[in-house]
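J.: full-length UniProt numbering numbers the first residue of the sequence shown as 1 and each following residue consecutively. Ideal placement from N, C-alpha and C gives every residue a C-beta, glycine not left out. Take a look at the following structure, please.
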Amino acid sequence: LGLESFLCWQENLDLTEFSEPNVFNYSTLLLSEKGDALYVGAREAIFELINTEMFVTWENPEKTLRDCLNYIRVLQVVDDERLYACGTHAFQPQCDYLNLGNFSLSGRPEDGRGKCSFDPSQSFTTVMVDGELYSGTAYNFLGSEPIISRYSPSQSLLRTEYSTSWLNEPSFVFADVIREDADRGDGEGDKIYYFFTEVSVEYEFFSKLLIPRVARVCKGDLGGQRTLQKKWTSFLKAKLVCSMSELNFVFNVVHDIFILKGETWRDTVIYGVFTSQWGNVGLSAVCAYNIAAVEKVFSKGKYMQKATVEQSHTKWIRHNGATPSPRPGACINNQMRQQNISSSLHLPDKTLQFVKDHPLLEDPVLPIGNGPRLIAKDVNYTQIVVDRVQALDQKIYDVIFTGTDKGVLHKSVVFEKEVHIMEEIQLLKNPEPIKSLLFSSETRSLYAGSDSGVVQSPTAFCSHYQSCFDCILARDPYCAWDHRTATCVNIFDAPRQSHRRLIQSLNGDADKCPSSKSQYHPVFLEFSVEFATVVETFP
Numbered sequence: 001l002g003l004e005s006f007l008c009w010q011e012n013l014d015l016t017e018f019s020e021p022n023v024f025n026y027s028t029l030l031l032s033e034k035g036d037a038l039y040v041g042a043r044e045a046i047f048e049l050i051n052t053e054m055f056v057t058w059e060n061p062e063k064t065l066r067d068c069l070n071y072i073r074v075l076q077v078v079d080d081e082r083l084y085a086c087g088t089h090a091f092q093p094q095c096d097y098l099n100l101g102n103f104s105l106s107g108r109p110e111d112g113r114g115k116c117s118f119d120p121s122q123s124f125t126t127v128m129v130d131g132e133l134y135s136g137t138a139y140n141f142l143g144s145e146p147i148i149s150r151y152s153p154s155q156s157l158l159r160t161e162y163s164t165s166w167l168n169e170p171s172f173v174f175a176d177v178i179r180e181d182a183d184r185g186d187g188e189g190d191k192i193y194y195f196f197t198e199v200s201v202e203y204e205f206f207s208k209l210l211i212p213r214v215a216r217v218c219k220g221d222l223g224g225q226r227t228l229q230k231k232w233t234s235f236l237k238a239k240l241v242c243s244m245s246e247l248n249f250v251f252n253v254v255h256d257i258f259i260l261k262g263e264t265w266r267d268t269v270i271y272g273v274f275t276s277q278w279g280n281v282g283l284s285a286v287c288a289y290n291i292a293a294v295e296k297v298f299s300k301g302k303y304m305q306k307a308t309v310e311q312s313h314t315k316w317i318r319h320n321g322a323t324p325s326p327r328p329g330a331c332i333n334n335q336m337r338q339q340n341i342s343s344s345l346h347l348p349d350k351t352l353q354f355v356k357d358h359p360l361l362e363d364p365v366l367p368i369g370n371g372p373r374l375i376a377k378d379v380n381y382t383q384i385v386v387d388r389v390q391a392l393d394q395k396i397y398d399v400i401f402t403g404t405d406k407g408v409l410h411k412s413v414v415f416e417k418e419v420h421i422m423e424e425i426q427l428l429k430n431p432e433p434i435k436s437l438l439f440s441s442e443t444r445s446l447y448a449g450s451d452s453g454v455v456q457s458p459t460a461f462c463s464h465y466q467s468c469f470d471c472i473l474a475r476d477p478y479c480a481w482d483h484r485t486a487t488c489v490n491i492f493d494a495p496r497q498s499h500r501r502l503i504q505s506l507n508g509d510a511d512k513c514p515s516s517k518s519q520y521h522p523v524f525l526e527f528s529v530e531f532a533t534v535v536e537t538f539p
């Protein structure tokens, strides 16, 4: 899709900006579980933004150069009273507990290797699951030893093998847990999914070919008894496909992932933003994947293996031989328990040795519709969040928000067979990358972090549509025309008893407007950018 038929808002927006003098790199954002507080990790500072601003400094006392500072890269909720925070700490990562009661660090720092990147420019991802930290980052200063790990207060470290077969120069972007449904029945438990781009091992190319990946580990994994001791027994990875098959064009670099969770695990949809590693193409894409398609690849996909050809040359091919039982890389399930395999420590060595040598699956994960949901020209998408909205027609629509490397936000809506780009919003006053993007379902707000500050934005600007035609033809599921007040309103702000009098048509049928005889003329609005000074509170 091109970017021709949408409105460009750059002024008079209900935006709230936060920044502090001499503080930079506001790239780590975390919402409280209740959604009433935003925590911001910046360079040598952590902020809590509620009704009054609170902050704590976490400096490196030996700082002398710009890079010898403490960039806060990890903020995760431990419980109602504490956060877990990690920083680069002058290339010697450290972590500490942040007490929310008095908003202070415990003062008992822990080694942050494997939990946090050494360098603020290194890739990493973390997610806290039931008090255990799952991380994807580099384990050494040079970044040459990538690791996917679990740190637990009650169990020993569990990690990936140091092998290019497992991880080959990965660039981590996201990790999250998918909980097991009570009615699923197989007893596999919760699973943690990692998303990253890495150098391909299975394709021969004239240069390093990048491949987007999804990897999975099981929350109940305890490692092996002899083989794979203190290593993942459930680590498998597969290729994520995002391509235009009709043009033989591949988007092979994933930049961000958003997991839209439904009422059951099968309703979960994974959204990702991709570009090509050949950046001169100037295209960005959004692809979506059903979690069931991902699970099918991990539970039934064919494995790949190394094959030595022409003396020392190694090639990856499909494994066509016998596969051990239980299935290598599978989570412990009810069927295994019936065979007296109640944990990964009881798995046979044949299964463990196989998954150690065959972590890569041949079967790819294909996107919904076998192609991108959205393709944008001359845009580099960096971040994505998605909201699921029930419109007045009682249908559910996915609204996609994508941030760019120029501080711009694109808002799109998914219809049955198309995506409509509704708005382009200049969130940041400077054309700099949006480095993090969060969505609050409680307040229906967006939070964008960048090097220079944090911006809060509503998900819709309905009041900017001055006529019924503008309001309807925007095809925004948040917005509807109230003919009594002659205003375009946000349906989530309007009383439910008033919904019957609101006009909304997501197919763009403006004939429902009272003055349907008038002629609609599309308008493209463009304004100069003006931002207020620092505002220190968020609603």
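Residue 403 bridges to which residues according to DSSP?
T.: For residue 403, which the question treats as bridged, DSSP gives the partners 383 and 409.
J.: Could you tell me which residues DSSP puts in a beta bridge with residue 149?
T.: Note: residue 149 sits in a beta bridge opposite 135 and 159.
J.: Tell me the DSSP bridge mates of residue 458?
T.: Its beta-bridge partners are 445.
J.: Tell me which residue opens and which closes the beta strand (DSSP E) that residue 168 is part of.
T.: Where residue 168 is concerned, there is no enclosing beta strand (DSSP E), given that its DSSP letter is neither H nor E.
J.: Mapping the DSSP letters down to three states, classify residue 331 as helix, strand or coil.
T.: Three-state DSSP puts residue 331 in coil, outside helix and strand.
J.: What span of residues does the alpha helix (DSSP H) with residue 354 cover, start to end?
T.: First-last of the alpha helix (DSSP H) with residue 354: 349-357.
J.: Between the Cα of residue 376 and the Cα atoms of 273, 429 and 324, which residue gives the shortest distance?
T.: Looking at the Cα atoms, 273 is the closest of the given residues.
J.: Helix, strand or coil: how does DSSP classify residue 202 here?
T.: Three-state DSSP puts residue 202 in coil, outside helix and strand.
J.: Considering only the alpha carbon of each residue, which of 49, 45 and 26 lies closest to residue 37?
T.: Minimum Cα distance to residue 37 is reached at 49.
J.: Tell me whether residue 111 is buried or exposed, calling it buried when 16 or more other Cβ atoms sit within 10 Å of its Cβ.
T.: Looking at its Cβ environment, which holds fewer than 16 other Cβ atoms inside 10 Å, residue 111 is exposed.
J.: By the DSSP assignment, the beta strand (DSSP E) with residue 14 in it spans what residues?
T.: No beta strand (DSSP E) holds residue 14; DSSP gives it neither H nor E.
J.: Grab the span of the beta strand (DSSP E) containing residue 376 for me, first residue to last.
T.: Unbroken beta strand (DSSP E) run through residue 376: 374-377.
J.: Tell whether a beta-carbon distance below 8 angstroms holds between residue 438 and residue 29.
T.: Their beta carbons are under 8 angstroms apart, which means residue 438 touches residue 29 by this criterion.
J.: Hey, how far is the Cα of residue 102 from the Cα of residue 32?
T.: Their Cα atoms are separated by approximately 16 angstroms.
J.: So what does DSSP say about residue 76, is it helix, strand or coil?
T.: In this structure, residue 76 counts as strand in the three-state DSSP scheme.
J.: Use the C-beta contact count for residue 499: other C-beta atoms within 10 angstroms, 16 or more gives buried, fewer gives exposed.
T.: The residue in question, residue 499, is exposed, as its Cβ has fewer than 16 Cβ neighbours within 10 Å.
J.: Do the stretch 355-364 and the stretch 295-306 meet, that is, are 3 or more Cβ pairs less than 8 angstroms apart?
T.: A contact exists between the stretch 355-364 and the stretch 295-306.
J.: Taking the alpha carbon of residue 123 as the point to measure from, which residue in 146, 295, 132 and 109 has its own alpha carbon closest?
T.: Comparing Cα positions, the closest option is 146.
J.: Given that a residue counts as buried once 16 or more other Cβ atoms are within 10 Å of its Cβ, and exposed if not, what is residue 356?
T.: Answer is buried; the Cβ neighbour count reaches 16.
J.: Around the C-beta of residue 548, are 16 or more other C-beta atoms found within 10 angstroms, so that it is buried, or is it exposed?
T.: The displayed coordinates of the chain run from 1 to 539. Any statement about residue 548 would go beyond what the structure contains.
J.: Can you tell me whether residue 252 is buried or exposed, with buried defined as 16 or more other CB within 10 angstroms of its CB?
T.: By the 10 Å Cβ count, residue 252 comes out buried.
J.: Rounding to the nearest angstrom, what Cα-Cα distance links residue 232 and residue 177 in this structure?
T.: If you take the alpha carbons of residue 232 and residue 177, they lie about 16 angstroms apart.
J.: Alpha carbon to alpha carbon, how far is residue 47 from residue 549? Give it in angstroms, no decimals.
T.: No answer is possible for residue 549: the residues shown for the chain start at 1 and end at 539.
J.: Just confirm the distance between the C-beta atoms of residue 419 and residue 373, as a whole number of angstroms; I'd bet it's less than 8 angstroms.
T.: Their Cβ separation, rounded to whole angstroms, is 5 angstroms, which keeps residue 419 and residue 373 in contact under 8 angstroms.
J.: In angstroms with no decimal places, state the Cα-to-Cα distance between residue 89 and residue 119.
T.: Using only the alpha carbons, I get a separation of about 9 angstroms.
J.: Relative to the C-alpha of residue 196, which residue among 25, 171, 117 and 121 is closest?
T.: Nearest C-alpha to residue 196: 171.
J.: What is the rounded straight-line gap between the Cα of residue 452 and the Cα of residue 44?
T.: Between residue 452 and residue 44, the C-alpha separation is close to 14 angstroms.
J.: Please name the residue in 181, 144 and 423 whose C-alpha comes closest to that of residue 167.
T.: Ranking the options by Cα distance to residue 167, first place goes to 144.
J.: Quick one: what does DSSP say residue 241 is sitting in, helix, strand or coil?
T.: Three-state result, residue 241: coil.
J.: Measure the CB-CB distance between residue 384 and residue 258 and report whether it falls below 8 angstroms.
T.: A contact, by the Cβ cut-off of 8 angstroms.
J.: Using only CA atoms, which one of 506, 461, 501 and 509 lies nearest to residue 490?
T.: Residue 461 is the option with its Cα nearest to residue 490.
J.: Considering only the beta carbon of each residue, do residue 403 and residue 330 sit closer than 8 angstroms?
T.: No.
J.: Give the secondary structure of residue 89 by DSSP, where H, G and I count as helix, E and B as strand, and everything else as coil.
T.: Looking at residue 89 - three-state DSSP - the assignment turns out to be coil, as it is neither helix nor strand.
J.: Could you tell me which of 136, 293, 495 and 428 sits nearest to residue 169, measuring between CA atoms?
T.: The residue with the shortest Cα to Cα distance from residue 169 is 136.
J.: For residue 379, which residues in the same chain have their Cβ closer than 6 angstroms to its Cβ, ignoring the five residues on either side in sequence?
T.: Cβ within range, chain order: 284 and 404.
J.: Quick test of your reading: residue 116 and residue 78, contact by CB under 8 angstroms. State the CB separation rounded to the nearest angstrom.
T.: Not a contact, Cβ separation roughly 15 angstroms.
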